[in-house]
Structure formats: C-alpha cells, structure tokens
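In mature numbering (1 follows the signal peptide of the UniProt record, and there is no 0), the protein residues as written are -18 to -1, 1 to 414. A virtual CB, placed ideally from N, CA and C, is assigned to each residue, including glycine. This structure is a prediction, so every number in the text was calculated from the model and none was measured.
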C-alpha cells in the first residue's frame, strides 16, 4: 500500500529537531513482530492480553517488489508493537502456506488481513494499515466496551458524535442482569460501534429513556430509534443492531474503511468462537455505492454535507439507500488516485455511483462548486440511481461508443489503404 512509505519514513526518525515532551516514537531496532509456528504461537498468545496476527505468505525470493511491500508492512507493525509494548499487546506473522493448520484453527482465512485476538473474541481489522490508525484502534479495543454517563454534563458528549453509530441504555446498575446482557452484546461490536449506559434518573429523563430501555442512534440522524420489546437478551440486541446497521449516510473512516467499502454490511465485526449469528446481506446495490466527496472544513463542502444530511434524514426509512461520505482531508494520499480513477476534481463537492468491482463510475453534473444541487434535485438524482436510470453501465456505453468510433476510423484507414494498394497495382500493370 503506497501510503506506507510516508509512515515508514516517519518511523525511521524525525526530520528536524524536536523539543522534549513532543518526541514522536522512532523504531529502536528491536524485533517485536515474530514469525509464528507450531512451537511458539500458543505461548506468545497467552503472554499478551491482546495479540495481533498478520496472515501473510512469504514472497518469492525473486520478487523484490513483494518483498519490499512486506518489509514496509513489517516496519509499520514493528513501530506499532513498540508503542503498545507496555499495554501487553503483541504481534506476529503467520504464513498460511507453512502453517495452514494453525491458520485454520485460529480462524484466520484472508491473506493480508490483521486478526486481533482478545480473550474469546477475534476481530478482523479492516482499516488503513498505518501505525497511528492501528494504535488508535487497539487502544479503543482494550477499553471497556461500555462508557457510563453519570451526569447531564457528560451527556453532551453525544452532541459531538453525530457521525458515529451509537447506543445508550438506562439500567438499575452494573449488577443488573439486563445490563450484563447489554454488555455482552457490546462485545460483539466493540470498538466499531459506541455503547453508552446510565444508571442516573436525571440522565434517563433527559433522554426520555425508561428502565432497561435502549436507544439506537443512526449516524447523522436527529432522533434515535428505541429498540422495541424491552428488556432484551444479548441475542435480541445483536440481531437488532445487525438489521439496522446499514446507515443511510455514513462516513468513510480510516479505522474501518475496507469494511465499509468492500465487505458485506451484515457481517459480524466481532466473531466469537462458535458464534451462532451469521449474516450475509450485501451492503451495496449489485456491487455499487453512492459515494459523496466533500471537505467538511471547506465552505462549499460543508454546505453540500448539510444537503446530504437533509436528504438522508428525509429518506432514512428507505432500506435501499446508503450513501458513503468521504472527506478527502482524511485520506490525502488517496486524493490523486481517486481523481485519476473517477475522472473528477476533488477540490469541489462530488456525488456519484461507483461500481466497487471495476471502479466504473457516473457522477452528478455540477458545473462548479457554486452549482450545488438543492435537496430536491439531489433526491431526484438518487431516485434515478435507485431506479436504474443512472448507473455505471452508462459509462461503459460511452466507452463502447468510443471504441466503435475507433473501429470505424480503423475501417476507413483500411479502406484507404486498400484503395492505395489498388492504385499501385494499376500503375504496375501500366508498366507492363
């Protein structure tokens, strides 16, 4: 992955002098990411509270590019392991060809993926393979899956989590059996989905929550959905979240970007050993996404984002609608790639349909940044997408037309060549 270069350069050392108290970690040369085998994997996993395994086949001896890529990934993991060493978080490399039995036993199946083992849970990390992203993810993981809110002041934290999917429940106390069921359910989605709880009547009253009741907050929605038929079992909570996890509008985040972009939505983020809940409904419409690019800190981008929110809120009951919002500022190393692949200018807001299989795309026409669509215009365009009037095949048709034009030109050239050949033959006949 090409963004690894920048991270590795940072890992090798600071480019300028740094003051004490603001010293970024640099790789100290100690090997902490170890190759796993039958003799050592059990011992290493028991030694750490959290253990991360990168499933990676050793590259061929003659493939220098593959070797360098693996080395860059290894450097990212080494720096991550160094930073998290005091947290008892360990790292290992597992070759699925040499150790297929171990990989199968541990449930590691996708090469190139980072699997995180915590107690009885296995989490497949689906984020950017960058040291800061992995560190942030793992620090969240080792925290308690539920954050307790004790006052109205603390409740204000929810106002700053608009783009997060979250739940909050009201319970009698930590010893409540209903709270324990809620806690078990939280383990299935930690740390990707935020779970909150309160034991205070004043907080519950401010949220209009009844005892043992849980509210589910979809990203960017103003009002929560109360989960029906309280009190709930762990299975009922998990089932509800899985069925409602498809957000109408969601933000692409570094920590789960691949899960959002590629994977099926109703796939359990946390797989327990022998987990009975398995979902496979796809996250996209026959392999396509509606994708919106907008810089939140840019005036035009901010305005476009507000339009997106309004349309999403008006259509939140539509199960077919799911928009991915990407803030280019969060992925600076991908901006040039996206512009080249999708043939768009990311210095202004964009919305389009993207086929995740072949990256074909069709984008809503906007003459310039000042020509933003109204909520009604955007809603009509989305309806055309969902009905099939706007689709990525239109892009293929244009390409086919271009190819046909090229073929016609080639045919004309061939005809001209044939005529020239006939003229030459006539001249030769005259000579005889």
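Within the region 141 to 177, complete beta strand (DSSP E) segments of at least 3 residues are found at 148 to 152, given in chain order. Close CB contacts of residue 63 within its chain, under the 6 Å cut and outside five residues either way in sequence, are with 14, 15, 73 (chain order). For residue 54, the uninterrupted alpha helix (DSSP H) segment begins and ends at 46 to 65. Counting other Cβ atoms within 10 Å of its Cβ, residue 132 stays below 16 and is therefore classed as exposed.
Here residue 223 is not near residue 274, since their CB atoms are 8 Å or more apart. When secondary structure is reduced to three states using DSSP, residue 70 falls in the coil class, being assigned neither helix nor strand. Within the region 70 to 99, the runs of beta strand (DSSP E) at least 3 residues long that lie entirely inside it are, in chain order, 71 to 76. In this structure, DSSP gives residue 319 a helical state, which the three-state scheme calls helix. For residue 129, the enclosing beta strand (DSSP E) has its first and last residue at 128 to 130. Under a 10 Å Cβ-count criterion, residue 119 is classified as buried, with 16 or more other Cβ atoms of the shown protein chains found around its own Cβ. Judged by DSSP in its simplified three-state form, residue 180 adopts strand. Annotated three-state conformation of residue 23 is helix, per DSSP. The distance from the Cβ of residue 309 to that of residue 277 is about 6 Å, consistent with a contact at the 8 Å cut-off. Judged by DSSP in its simplified three-state form, residue 43 adopts coil rather than helix or strand. The secondary-structure analysis by DSSP pairs residue 17 across a beta bridge with 75. For residue 334, DSSP records a beta bridge to 273, 345. In the structure shown, residue 222 adopts helical secondary structure according to DSSP, grouped into three states.
Excluding five sequence positions before and after residue 230, the CB atoms of its chain that fall closer than 6 Å to its own CB belong to 294, 298, 303, given in chain order. Under DSSP, residue 231 shares a beta bridge with 305.
Taking 8 Å as the cut-off, the Cβ atoms of residue 307 and residue 232 count as close. Contact check for residue 305 against residue 367 fails: the beta carbons are separated by 8 Å or more. Annotation for residue 313: no alpha helix (DSSP H) segment contains it, and DSSP assigns it neither H nor E.
Minimum Cα-Cα distance from residue 166 among the listed residues 147, 140, 135, 128 corresponds to 128. Going by DSSP, residue 285 is part of the alpha helix (DSSP H) stretching over 281 to 296. When C-beta atoms of the region 136 to 154 are compared with those of the region 94 to 108, fewer than three pairs fall below 8 Å, so the two segments do not count as touching. The beta-carbon separation of residue 76 and residue 90, rounded to 6 Å, stays under the 8 Å limit for a contact. No Cβ-Cβ contact shorter than 8 Å links residue 370 with residue 331. Take the alpha-carbon of residue 336 and the one of residue 373: they are about 9 Å apart. DSSP, read as helix, strand or coil, puts residue 33 in strand. Beyond the five residues adjoining it in sequence on each side, residue 241 comes within less than 6 Å, by CB distance, of 108 in the same chain, given in chain order.
Rounded to whole angstroms, the gap between the alpha carbons of residue 84 and residue 126 is 29 Å. Proximity to residue 10 across 65, 160, 214 peaks at 65, based on C-alpha coordinates. By the criterion of a C-beta distance shorter than 6 Å, residue 70 is surrounded in its chain by 30, 31, once the five residues flanking it on both sides are discounted.
A contact is defined here as three or more CB-CB pairs under 8 Å, and the region 309 to 319 fails this definition with respect to the region 210 to 224.
Residue 197 is bridged by DSSP to 150, 208. Residue 37 is positioned such that its CB atom lies closer than 8 Å to that of residue 93.
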